[in-house]
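Visitor: Take this structure first; my questions come after.
There are 2 protein chains.
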Amino acid sequence: MSTSLPALITEIGRRARAAARPLAALSAETKNAALIAMADELLAREAAILDANAQDVAGATAHGLTPAAIDRLTLDSARLRKIADAVRAVADLPDPVNEVLDEWTRPNGIRITKVRKPIGVIGIIYESRPNVTADAAVLCLKTGNAVILRGGSESLRSNLAIASALQAGGARAGLPADAVQLIPVTDREAVRLLAQADAFLDVIVPRGGKSLIEAVVANARMPVIKHYDGICHVYVDAAADVAMATRILVNGKCQRPGVCNAVETVVIHQAIAEKFLAAAAPSLAAEGVELRADEPAFRQLSALGYQPLVRATDEDFRTEFLALILGVKIVPDLAAAIDHIEAHGSHHSDAIVTADEAAAERFLNEVDSATVYWNASTRFTDGGEFGFGAEIGISTDKLHARGPMALPELTTYRYQIRGDGQIRA
Amino acid sequence: MSTSLPALITEIGRRARAAARPLAALSAETKNAALIAMADELLAREAAILDANAQDVAGATAHGLTPAAIDRLTLDSARLRKIADAVRAVADLPDPVNEVLDEWTRPNGIRITKVRKPIGVIGIIYESRPNVTADAAVLCLKTGNAVILRGGSESLRSNLAIASALQAGGARAGLPADAVQLIPVTDREAVRLLAQADAFLDVIVPRGGKSLIEAVVANARMPVIKHYDGICHVYVDAAADVAMATRILVNGKCQRPGVCNAVETVVIHQAIAEKFLAAAAPSLAAEGVELRADEPAFRQLSALGYQPLVRATDEDFRTEFLALILGVKIVPDLAAAIDHIEAHGSHHSDAIVTADEAAAERFLNEVDSATVYWNASTRFTDGGEFGFGAEIGISTDKLHARGPMALPELTTYRYQIRGDGQIRA
Numbered sequence: 001m002s003t004s005l006p007a008l009i010t011e012i013g014r015r016a017r018a019a020a021r022p023l024a025a026l027s028a029e030t031k032n033a034a035l036i037a038m039a040d041e042l043l044a045r046e047a048a049i050l051d052a053n054a055q056d057v058a059g060a061t062a063h064g065l066t067p068a069a070i071d072r073l074t075l076d077s078a079r080l081r082k083i084a085d086a087v088r089a090v091a092d093l094p095d096p097v098n099e100v101l102d103e104w105t106r107p108n109g110i111r112i113t114k115v116r117k118p119i120g121v122i123g124i125i126y127e128s129r130p131n132v133t134a135d136a137a138v139l140c141l142k143t144g145n146a147v148i149l150r151g152g153s154e155s156l157r158s159n160l161a162i163a164s165a166l167q168a169g170g171a172r173a174g175l176p177a178d179a180v181q182l183i184p185v186t187d188r189e190a191v192r193l194l195a196q197a198d199a200f201l202d203v204i205v206p207r208g209g210k211s212l213i214e215a216v217v218a219n220a221r222m223p224v225i226k227h228y229d230g231i232c233h234v235y236v237d238a239a240a241d242v243a244m245a246t247r248i249l250v251n252g253k254c255q256r257p258g259v260c261n262a263v264e265t266v267v268i269h270q271a272i273a274e275k276f277l278a279a280a281a282p283s284l285a286a287e288g289v290e291l292r293a294d295e296p297a298f299r300q301l302s303a304l305g306y307q308p309l310v311r312a313t314d315e316d317f318r319t320e321f322l323a324l325i326l327g328v329k330i331v332p333d334l335a336a337a338i339d340h341i342e343a344h345g346s347h348h349s350d351a352i353v354t355a356d357e358a359a360a361e362r363f364l365n366e367v368d369s370a371t372v373y374w375n376a377s378t379r380f381t382d383g384g385e386f387g388f389g390a391e392i393g394i395s396t397d398k399l400h401a402r403g404p405m406a407l408p409e410l411t412t413y414r415y416q417i418r419g420d421g422q423i424r425a
Numbered sequence: 426m427s428t429s430l431p432a433l434i435t436e437i438g439r440r441a442r443a444a445a446r447p448l449a450a451l452s453a454e455t456k457n458a459a460l461i462a463m464a465d466e467l468l469a470r471e472a473a474i475l476d477a478n479a480q481d482v483a484g485a486t487a488h489g490l491t492p493a494a495i496d497r498l499t500l501d502s503a504r505l506r507k508i509a510d511a512v513r514a515v516a517d518l519p520d521p522v523n524e525v526l527d528e529w530t531r532p533n534g535i536r537i538t539k540v541r542k543p544i545g546v547i548g549i550i551y552e553s554r555p556n557v558t559a560d561a562a563v564l565c566l567k568t569g570n571a572v573i574l575r576g577g578s579e580s581l582r583s584n585l586a587i588a589s590a591l592q593a594g595g596a597r598a599g600l601p602a603d604a605v606q607l608i609p610v611t612d613r614e615a616v617r618l619l620a621q622a623d624a625f626l627d628v629i630v631p632r633g634g635k636s637l638i639e640a641v642v643a644n645a646r647m648p649v650i651k652h653y654d655g656i657c658h659v660y661v662d663a664a665a666d667v668a669m670a671t672r673i674l675v676n677g678k679c680q681r682p683g684v685c686n687a688v689e690t691v692v693i694h695q696a697i698a699e700k701f702l703a704a705a706a707p708s709l710a711a712e713g714v715e716l717r718a719d720e721p722a723f724r725q726l727s728a729l730g731y732q733p734l735v736r737a738t739d740e741d742f743r744t745e746f747l748a749l750i751l752g753v754k755i756v757p758d759l760a761a762a763i764d765h766i767e768a769h770g771s772h773h774s775d776a777i778v779t780a781d782e783a784a785a786e787r788f789l790n791e792v793d794s795a796t797v798y799w800n801a802s803t804r805f806t807d808g809g810e811f812g813f814g815a816e817i818g819i820s821t822d823k824l825h826a827r828g829p830m831a832l833p834e835l836t837t838y839r840y841q842i843r844g845d846g847q848i849r850a
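Going line by line, the protein sequences match chains C and X.
The first sequence begins at 1 in the working numbering and counts up by one.
The second sequence begins at 426 in the working numbering and counts up by one.
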């Protein structure tokens with residue numbers, strides 16, 4: 001690469017901006033044909049993609065990445081077929097572009113139509129898993145946007161091979177050449193330059209760890225759609241069915257502890273604490289969950305002989321463990337439960353288990369989280385589980401997109417006004 | 426003020442965050458009663474408010490502000506009554522909070538409801554006109570948000586007097602004490618500190634000149650809703666009715682040249698240029714509009730003896746004149762008109778005048794502006810003209826809010842999920 005990094009980012013941005021206009025005007029049929037061609041090309045290039053991936057895996061192994069990280073990085077025939085199938089599934093989704101969101105006529109006769117339109121150019125910065133290269137690219141294409149991708153350094157060769165397949169498939173289907181671009185360098189500086197390139201990028205979506213998101217937030221001049229922590233709670237109300245509460249808690253904590261919608265703290269009404277802990281302890285112990293309990297809960301759990309058990313610090317109640325560790329907090333009433341969640345949570349996903357409808361409705365209205373549950377697992381915070389058919393991520397922001405994000409969240413709107421010569425008085 | 430500026434901003438932020446929870450739970454009735462009490466209090470404090478304003482006006486005069494700026498700053502009985510009436514009008518608007526935006530049931534029986542909710546804490550930074558203090562505060566209150574206001578230094582006394590009236594009215598109606606706060610210092614540093622206080626502010630809305638917006642964009646860690654330039658166009662198509670085109674152009678350019686939805690450039694199809702310029706020239710000349718014309722238009726306008734007339738530079742076509750100056754550009758066809766607008770405009774408001782429906786639809790779909798018009802004046806880009814009943818500003822962003830912003834744009838949504846014990850498989 002002979003050009004400087006700033007010149008490279010500017011050139012990529014300029015190309016994306018130029019591609020955005022023809023992309024926005026494409027019919028659903030053209031976009032879907034391009035998606036099918038991309039899926040075909042991914043499979044046609046299996047050897048090249050797996051070869052590039054093998055080099056990434058070898059590099060990651062030499063760099064001492066954890067087995068879990070290496071597993072996330074690794075592709076094989078079956079995984080590549082799943083990626084291609086996911087691309088085909090996006091082709092089957094309805095096209096949100098040009099949907100009429102609202103329409104009305106003013107007394108002076110002008111007709112105002114609010115129409116869904118592509119955003120323009122979307123920057124996506126992600127880490128590790130190479131499937132995101134295809135997932136993110138095709139969701140942006142489906143919504144008529146140009147995309148600039150910036151993946152993790154350990155998967156650069158895999159990402160380049162996948163992006164190149166997507167570009168070749170797109171080109172065969174008549175897509176603008178720069179609809180999908182991948183930044184081919186791994187310097188951290190590229191993230192900063194991208195975040196400042198508001199002349200070219202309409203929005204930037206960082207997907208990854210906190211330090212990546214912090215770097216984007218600190219530098220970005222354009223809107224950022226981001227996902228910070230998932231410190232999710234289950235509140236077991238006095239009127240809870242303890243069997244149901246146990247099921248929802250164990251599912252939330254143990255089904256996949258490393259994800260953002262997993263439960264980190266159970267908050268329990270004091271009137272039901274003894275009964276609930278006695279009922280839940282065997283299931284939690286069977287899963288090997290370490291409990292970090294406040295003093296009253298610690299005493300009760302000690303009496304039950306629960307292991308492993310430690311006393312919770314306030315910091316524990318503000319931590320996204322992403323592991324088989326669970327905070328346990330006993331509260332005097334619903335108001336205290338809501339106070340605890342508002343003060344310690346991350347406004348992601350929180351649940352109440354209760355048979356008391358008034359308590360549930362108060363919880364649903366007062367807990368200011370993206371998704372709030374009554375008698376259901378927080379694990380449902382997911383585009384697929386919501387029935388969106390796709391997911392570009394989960395937003396912990398409150399503007400534009402909140403909670404699971406799918407195709408509509410990759411669009412904006414435009415007001416089209418039709419008159420017959422009206423002027424303003 | 427004995428505390429440091431960072432400590433002051435943190436304290437104001439902390440108070441706003443604490444006020445946001447009770448505010449979000451208020452009924453429409455309570456909020457409307459508070460708005461009425463605020464309007465009453467503004468009128469009850471007329472003497473104090475006008476006295477504070479007189480001091481601001483004296484200071485501004487001593488500082489040599491332009492007569493136009495001093496006029497914008499000045500309050501009198503009639504203007505104060507208009508401010509109070511505007512507060513009362515907001516009380517009459519429907520409350521958007523708790524509106525159900527969408528609702529569906531999944532195959533597993535969980536019911537998902539997407540409900541409109543307050544954003545939380547909104548920061549509004551503005552310049553000059555003291556009426557914004559009341560306007561912005563009451564729109565935030567109506568939508569259940571806490572607000573932190575930061576007005577211009579030249580209107581500090583007026584803003585403090587108005588904010589204090591709003592607070593007193595709110596307190597009488599039982600509002601949380603920190604629902605409305607005004608930053609009582611004028612240091613520019615306060616803007617930077619506010620823009621970085623993402624622990625307290627959910628969104629920041631700068632309203633003012635480019636340097637203010639730049640300062641916010643460069644520093645903000647939270648979403649910004651902003652308004653950059655309004656470089657708006659009228660495109661006179663080959664199939665335009667020249668009388669209608671003249672009316673729409675003169676309205677767009679001359680009715681109020683200093684506002685963002687005023688026209689800055691007229692783009693004319695070459696086939697109609699001679700006829701249109703001959704028709705429009707007398708009206709433009711009567712308004713004293715200076716024309717800055719490209720070479721072909723310059724020749725035609727010279728032949729008509731138009732005055733004042735100068736040759737346009739490329740820079741003229743990228744300038745928001747906010748004055749009786751108009752760029753004139755002749756293009757070979759519709760595609761060239763769209764190219765010019767996309768390359769030189771600010772994606773705010775652009776109009777086509779034509780009797781050709783296919784040309785109009787192409788323009789409405791391909792010009793990527795917040796509002797696009799067919800046979801109507803760009804001056805309709807306004808919350809009031811759209812029938813929104815209120816306006817917090819016009820957004821040139823594409824995310825969250827685009828074009829005129831009213832009450833719904835001051836809200837977010839929350840997913841409330843009701844189940845009967847569902848867990849994820």
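We put the beta carbon where it would ideally sit given N, CA and C, even for glycine.
These figures come from a predicted structure and were not determined experimentally.
Is Leu618(X) helix, strand or coil by DSSP?
Guide: In this structure, Leu618(X) counts as helix in the three-state DSSP scheme.
Visitor: Looking at the unbroken alpha helix (DSSP H) that takes in His769(X), where does it start and where does it end?
Guide: Its alpha helix (DSSP H) spans residues Leu759 to His769.
Visitor: Work out the CA separation of Asp314(C) and Val328(C) for me, nearest whole Å.
Guide: Straight-line Cα distance between these residues: approximately 11 Å.
Visitor: Given this structure, state the Cα-to-Cα distance separating Ser502(X) from Gln680(X), to the nearest angstrom.
Guide: Their backbone Cα atoms lie some 27 Å apart in a straight line.
Visitor: Can you tell which of Asp520(X), Leu619(X) and Pro648(X) has its C-alpha closest to the C-alpha of Leu814(X)?
Guide: A quick correction: the sequence has Gly, not Leu, at residue 814(X). Closest option to Gly814(X), Cα to Cα, is Asp520(X).
Visitor: Taking DSSP as the reference, what is the three-state secondary structure of Arg376(X)?
Guide: For chain X, the structure presents residues 426 to 850; residue 376(X) sits outside this window and is missing.
Visitor: Counting only beta-carbon separations shorter than 8 Å, does Thr398(C) have a partner in chain X?
Guide: Note that residue 398(C) is Lys in the sequence shown here, rather than Thr. Output row for Lys398(C): interface = yes.
Visitor: Below 8 Å on C-beta distance, what does Asn375(C) contact in chain X?
Guide: Those within 8 Å of Asn375(C) in chain X are Arg843, Gly844, Asp845, Gly846 and Gln847.
Visitor: Using the rule of at least 16 other Cβ atoms within 10 Å of the residue's Cβ for burial, across every protein chain shown, is Met426(X) buried or exposed?
Guide: For Met426(X), the predicted structure reports a pLDDT of 47, less than 50, and the residue's modelled location is therefore unreliable. A value from the coordinates is still provided. Exposed, since its Cβ has fewer than 16 Cβ neighbours within 10 Å.
Visitor: Sort Glu782(X), Glu454(X) and Val691(X) by Cα distance to Ser774(X) and report the nearest one.
Guide: Considering only alpha carbons, the answer is Val691(X).
Visitor: Can you tell me the Cβ-Cβ gap for Val132(C) and Gly151(C), rounded? I've got them flagged as a contact below 8 Å.
Guide: Right, the Cβ-Cβ distance comes to about 7 Å (below 8 Å), so this counts as a contact.
Visitor: For Val628(X), report the span of its beta strand (DSSP E) as first-last.
Guide: Counting along the chain, the beta strand (DSSP E) containing Val628(X) begins and ends at Val628 to Arg632.
Visitor: Consider the Cβ of Arg106(C): report whether some Cβ of chain X lies at a distance smaller than 8 Å.
Guide: With 8 Å as the cut-off, Arg106(C) counts as an interface residue toward chain X.
Visitor: Examine chain X for any beta-carbon lying closer than 8 Å to the beta-carbon of Ile248(C), and answer yes or no.
Guide: Yes, its Cβ sits closer than 8 Å to a Cβ of chain X.
Visitor: Are the CB atoms of Met405(C) and Glu385(C) within a distance shorter than 8 Å?
Guide: No; because the gap between Cβ atoms is not below 8 Å, this pair is not in contact.
Visitor: Does the beta carbon of Met669(X) sit closer than 8 Å to a beta carbon anywhere in chain C?
Guide: By this cut-off, Met669(X) is an interface position.
Visitor: Taking the Cβ atom as the reference point for each residue, do Ile869(X) and Val628(X) lie within a distance shorter than 8 Å?
Guide: Absent from the model: residue 869(X). The displayed extent of chain X is 426 to 850, so no value can be given.
Visitor: Along the beta strand (DSSP E) that carries Val353(C), what are the first and last residues, could you check?
Guide: First-last of the beta strand (DSSP E) with Val353(C): Ser349 to Val353.
Visitor: Would you mind sorting Val525(X) into buried or exposed? The rule is 16 or more other CB atoms within 10 Å of its CB.
Guide: Looking at its Cβ environment, which holds fewer than 16 other Cβ atoms inside 10 Å, Val525(X) is exposed.
Visitor: Can you give me the start and stop residues for the alpha helix (DSSP H) that Thr105(C) sits inside?
Guide: Note, Thr105(C): premise wrong, no alpha helix (DSSP H); beta strand (DSSP E) at Val100 to Thr105.
Visitor: Can you give me the C-alpha to C-alpha distance between Phe298(C) and Val367(C), rounded to a whole angstrom?
Guide: Near 26 Å, if we compare the C-alpha coordinates of Val367(C) and Phe298(C).
Visitor: Strictly below 8 Å CB to CB, what residues from chain X border Ile119(C)?
Guide: Ordered by position in chain X, the residues that pass the 8 Å Cβ test against Ile119(C) are Lys823 and Leu824.
Visitor: With a threshold of 8 Å between beta-carbons, can Arg14(C) be considered close to chain X, or not?
Guide: It does not; no Cβ of chain X falls within 8 Å.
Visitor: Determine the chain X residues that contact Gly387(C) at a beta-carbon separation under 9 Å, and present them in chain order.
Guide: Here the neighbours are Trp529, Arg531, Pro532 and Ile537.
Visitor: Per DSSP, what are the beta-bridge partners of Arg575(X) in this structure?
Guide: The partner list for Arg575(X) (beta bridge, DSSP) reads Ile550(X).
Visitor: Given 8 Å as the limit, is there contact between the region 604-618 of chain X and the region 475-486 of chain X, that is, 3 or more CB pairs closer than that?
Guide: Segments in contact, no.
Visitor: Quick one: using the 10 Å Cβ neighbour count with 16 as the cut-off for buried, is Asn32(C) buried or exposed?
Guide: Buried is the call here.
Visitor: Could you tell me which whole beta strand (DSSP E) segments of length 3 or greater appear in the region 63-100 of chain C?
Guide: List check, beta strand (DSSP E) in window: nothing returned.
Visitor: Please classify Cys260(C): does DSSP put it in a helix, a strand, or coil?
Guide: Cys260(C) falls in the coil class under three-state DSSP.
Visitor: Output needed in chain order: residues of the region 623-648 of chain X with a Cβ under 9 Å from some Cβ in chain C.
Guide: Cβ contacts with chain C come from Asp623, Asp627, Val628, Val642, Ala643, Ala645, Arg646, Met647 and Pro648.
Visitor: Using the Cα positions of Arg787(X) and Arg116(C), report the straight-line distance between them to the nearest angstrom.
Guide: So the alpha carbons of these two residues sit roughly 16 Å apart.
Visitor: Starting from Val675(X), trace the alpha helix (DSSP H) both ways and give me its first and last residue.
Guide: Unbroken alpha helix (DSSP H) run through Val675(X): Val667 to Cys679.
Visitor: Going by DSSP in three states, Gln167(C) sits in which element: helix, strand or coil?
Guide: Residue state, collapsed to three classes: helix.
Visitor: Residue range of the beta strand (DSSP E) that Lys142(C) falls in?
Guide: From DSSP, Lys142(C) is part of no beta strand (DSSP E) but of the alpha helix (DSSP H) over Asn131 to Lys142.
Visitor: If I follow the unbroken beta strand (DSSP E) through Thr659(X), where does it start and stop?
Guide: Sequence check: residue 659(X) is Val here, not Thr. Element bounds for Val659(X): Cys657 to Val661.
Visitor: So if DSSP puts Arg311(C) in a beta bridge, which residue, or which two residues, is it bridged to?
Guide: Ala293(C), per the DSSP bridge assignment.
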